[in-house]
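A.B. asks: Taking the UniProt record's numbering, the leading residue of the sequence shown gets 1, the next gets one more, and so forth.
Backbone N, C-alpha and C define an ideal beta-carbon position, used for all residues, glycine too.
Small disclaimer: the values here were computed from a predicted structure and weren't measured.
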Amino acid sequence: MFSSYPTIRLSVTGTKNRRHSSRAFIARVVRSVFVNGRGISSFSSDAFRLGHGNMRPRLLLTLSHNEKWGRDRVTPSEILARVVKVFECQKVLVSEEPHLAGGSHYHVGILNSTATRYNAARRLRDAFPEFVGAALHVSFHRSWETVLRYVMKGQRVLLSWDAVRGLILNPENHEYPIADHHEMLSKTEKLFEILAAKRSWGEVIREPRLRSALFARYSSTKKFYHDIVRYRSPGEYLAPRKLVSWVLAVSLLSLGIFLMKEQISLHLSPILGLLEGPRAPVQPETAATEVAQQLAAGEQLAPPLNSSTRGGSSANHGDGRR
């Protein structure tokens with residue numbers, strides 16, 4: 001059953017983000033192959049990495065002090081051969097910068113489709129074992145123009161390679177698509193004018209002139225879709241995950257309040273009893289209450305008998321009996 005599918009090996013060790021990405025990748029492969037009925041060949045791991053923001057297509061590699069410790073054999077052509085072997089590259093640009101303390105550095109701009117934030121530095125260090133520690137530095141950039149501007153700024157371009165045209169002759173005289181300062185300012189002013197005319201983020205999402213720029217800034221197509229739907233009809237939209245989260249949060253809050261009330265009443269009842277003290281037993285109606293009731297009913301009260309009258313009466317009865 002599984003013989004027609006290639007083996008997928010993923011490491012689930014490492015950082016928390018790496019474990020999460022590995023589990024998500026396995027879940028997507030299983031769902032794509034066995035639930036949706038598609039083969040492994042139709043599944044794109046690059047699309048998965050792009051959706052989660054792990055791809056790093058624009059790299060800047062710096063090789064320092066290329067004249068020391070046997071590094072002179074690492075020529076620009078050797079750098080190109082090693083980089084193309086490590087990544088699937090579309091463009092590679094190599095320049096040399098003279099160092100103030102003597103010697104020079106190599107700056108390598110790499111435009112590729114397979115480097116990720118987890119393996120880019122490790123794979124380049126394996127490809128250039130002559131450069132140890134701080135002698136090799138890798139940085140990631142959001143645009144290819146920033147890489148070109150850094151590689152070509154006051155430096156001598158030694159090699160320029162394109163996947164379509166191959167090696168470019170006279171790389172120093174070749175025109176590279178780098179926007180000048182005035183063009184960048186004009187783009188910024190246009191963007192500022194567009195954003196200043198909007199009143200909400202929903203209007204920005206629906207602006208046709210900003211679609212390509214917005215989509216390039218999103219790390220996930222799914223998140224971009226949810227934002228479009230949310231701001232298109234904000235009163236009717238609630239993400240399924242958020243809806244479940246709200247229901248679960250309200251249920252847990254109600255349960256917590258109920259349990260808290262039960263625990264408080266259970267623990268405070270004996271304390272409240274001690275603070276109130278012993279309660280007096282309920283006494284029957286007193287004589288004063290009976291007198292008040294008789295006066296209210298209009299009855300005549302009998303004269304009270306004192307102790308001497310009661311004693312004389314008993315003596316007279318005694319004399320009569322004698």
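Under 7 Å Cβ to Cβ from Ala81, same chain only, skipping five residues before and after it: list those, please.
C.D. replies: none
A.B. asks: Return helix, strand or coil for Glu236, following the three-state DSSP convention.
C.D. replies: Only weak support exists for where Glu236 lies, its pLDDT of 48 falling under 50; the coordinates are left without a value.
A.B. asks: Using the C-alpha atoms, what's the distance from Ile257 back to Ser251?
C.D. replies: 10 Å
A.B. asks: Let me know if residue 326 comes out buried or exposed under the rule of 16 or more other beta-carbons within 10 Å of its beta-carbon.
C.D. replies: Shown here, the chain extends from 1 to 322; a query on residue 326 therefore has no answer.
A.B. asks: Is Pro76 buried or exposed, if buried means 16 or more other CB atoms sit within 10 Å of its CB?
C.D. replies: buried
A.B. asks: What would DSSP say about Gln263, mapped onto helix, strand or coil?
C.D. replies: Of the three classes helix, strand and coil, the one that applies to Gln263 here is helix, per DSSP.
A.B. asks: Can you check DSSP and say which residues form a bridge with Arg161?
C.D. replies: Before going on, a small fix: residue 161 reads as Trp here, not Arg. Checking the DSSP bridge columns, you'll see Trp161 partnered with Val92 and Leu167.
A.B. asks: Where do the ends of the alpha helix (DSSP H) carrying Leu202 lie?
C.D. replies: Checking the sequence, you will find Gly at residue 202 rather than Leu. Counting along the chain, Gly202 sits inside the alpha helix (DSSP H) bounded by residues Trp201 to Ile205.
A.B. asks: Bridge partners of Asp97, per DSSP?
C.D. replies: First, the residue type needs correcting, since residue 97 is Glu and not Asp in the sequence shown. According to DSSP, which records beta bridges pairwise, Glu97 is partnered with His105.
A.B. asks: Assuming Leu93 contacts Ser160 under a Cβ cut-off of 8 Å, what Cβ separation, rounded to an integer in Å, is found between them?
C.D. replies: That belief holds up - the Cβ atoms of Leu93 and Ser160 are roughly 5 Å apart, short of 8 Å.
A.B. asks: Which partner residues of His137 appear in the DSSP bridge assignment?
C.D. replies: Beta bridge pairing from DSSP links His137 with Thr62.
A.B. asks: Helix, strand or coil: how does DSSP classify Thr114 here?
C.D. replies: coil
A.B. asks: Using the C-alpha atoms, what's the distance from Tyr225 back to Met260?
C.D. replies: 41 Å
A.B. asks: Skipping 5 residues on each side, what residues in its chain have a beta carbon closer than 7 Å to that of Val86?
C.D. replies: Here Val86 has Arg123, Leu124 and Ala127 as same chain residues with Cβ atoms under 7 Å from its own Cβ, once five neighbours each way along the sequence are excluded.
A.B. asks: With burial defined as no fewer than 16 other Cβ atoms inside 10 Å of the residue's Cβ, what is the status of His99: buried or exposed?
C.D. replies: The C-beta of His99 has fewer than 16 other C-beta atoms within 10 Å across all chains shown, which makes the residue exposed.
A.B. asks: Run through the DSSP bridge pairs and tell me what Arg156 is partnered with.
C.D. replies: Glu96
A.B. asks: Could you please give the first and the last residue of the uninterrupted alpha helix (DSSP H) stretch that includes Glu78?
C.D. replies: Secondary structure note for Glu78: its alpha helix (DSSP H) is the uninterrupted segment Pro76 to Val86.
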